[in-house]
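Worksheet: one structure, shown below.
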Amino acid sequence: MIGKHRINRYSPSMKLAELIPALHELPRADKFRAVQFLTAELAQGEGGLLPGAEYPIWSPFEAHDAAARLTQYLREQTETR
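First residue of the sequence shown: 247, per my numbering; consecutive thereafter.
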């Protein structure tokens, strides 16, 4: 059971087409939990990734040099038109 909504247990004979309508009916918070669950399942199958571990990802937050380069590029593109 996910949240307060009951979802039938997955069986090997269950098709994705049967799961999608059930997932569609979930409230937003439960949809995020389902995505987190599937992401964790996929990560475990990849090898080298540990459950519960944190892995850094790049973010444009405070990437001032990149922002300046993009701004310059956009200015150049605007001026040539």
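Glycine included, each C-beta is placed from N, C-alpha and C at the ideal position.
DSSP, reduced to helix, strand and coil, places F278 within a helical segment of the structure shown. Per DSSP, the continuous alpha helix (DSSP H) segment holding P267 begins and ends at 262-270. E322: member of the alpha helix (DSSP H) spanning 310-325, first to last residue.
DSSP, reduced to helix, strand and coil, places L296 outside both helices and strands of the structure shown, so it counts as coil.
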